[in-house]
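Note sheet for the following structure.
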Amino acid sequence: PSIHAMARLMEQPDTTTHLGLRDRACLELLYGAGIRAQELLDIRLNCLNLKDRYVHVKGKGGHERLAIFGETAQWWLEHYLSVRRAIPIGKEPIGQKLFIHRRGAMNYEMLRTMVNGYATSAGFGLISAHSLRHAFATHLYQRGVNIRVIQELLGHAHLETTTIYAHALTHEMHDLLEIHHPRGTL
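Now the structure itself:
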């Protein structure tokens, strides 16, 4: 999704409700920190540092890292946490999971349904939570962030994994050059 599409997506949750605040915080953290869906779902309250704007996550292969996020995600997380304890919860224990719902800790199916619902409301096709991670990396690259920095932010062990974003943009840029530049085509 484009930067404008991401802005539309973020505006979809009804933030006058407890669950709308939770959903906005989820979306902002997925996109704002570039974390994986499972990393988001596994976040415990004690892994979140709002003051310094980072969250401790465990990624693929059990690799741990600090995922940093910006002021916007911080703001929405603070507002979600201020109402989190007011979310009515059934009998299922939630432990210290950050993101909860009426029946306990949020799971992948709930996250997938939530992201797709808001994507549909925002007027674009179905996307996955992982699409927000891709958008995070792509938008950073488009704005000139070094690919090695993006590698660190994503927690990729190998640079080759991160260069997928650069290759995708290279094709997009070639297409734009051919269409718009007077010397783009023969």
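Going by the numbering used here, the first residue of the sequence shown is number 11, and it counts up by one from there.
For glycine and all other residues, C-beta sits at the position ideal for the given N, C-alpha and C.
Predicted model, so just to flag it, every value in this text is computed and none were measured.
Asked: Using three-state DSSP, classify G135 as helix, strand or coil.; Found: coil
Asked: Report the rounded CA-to-CA distance for H28 versus V93, giving the unit in angstroms.; Found: 6 Å
Asked: Excluding the 5 residues flanking L136 on each side, which residues of the same chain have their C-beta closer than 8 Å to its C-beta?; Found: N126, A129 and T130
Asked: Spell out a yes or no on whether the stretch 59 to 67 and the stretch 112 to 119 are touching, meaning 3 or more CB-CB pairs, one atom from each, closer than 8 Å.; Found: no
Asked: Between which two residues does the beta strand (DSSP E) holding E74 run?; Found: E74 to I78
Asked: Please tell me whether A43 and A15 are closer than 8 Å, where the distance is taken between their beta carbons.; Found: no
Asked: Is the CB-CB distance between L40 and L19 below 8 Å?; Found: no
Asked: Is V93 helix, strand or coil when you go by DSSP?; Found: helix
Asked: Going by the beta-carbon positions, is the gap between L108 and A47 smaller than 8 Å?; Found: no
Asked: Tell me, please, which residues DSSP counts as bridged to G114.; Found: H111
Asked: Which residue's Cα is closest to the Cα of E49: F134, E21 and H73?; Found: H73
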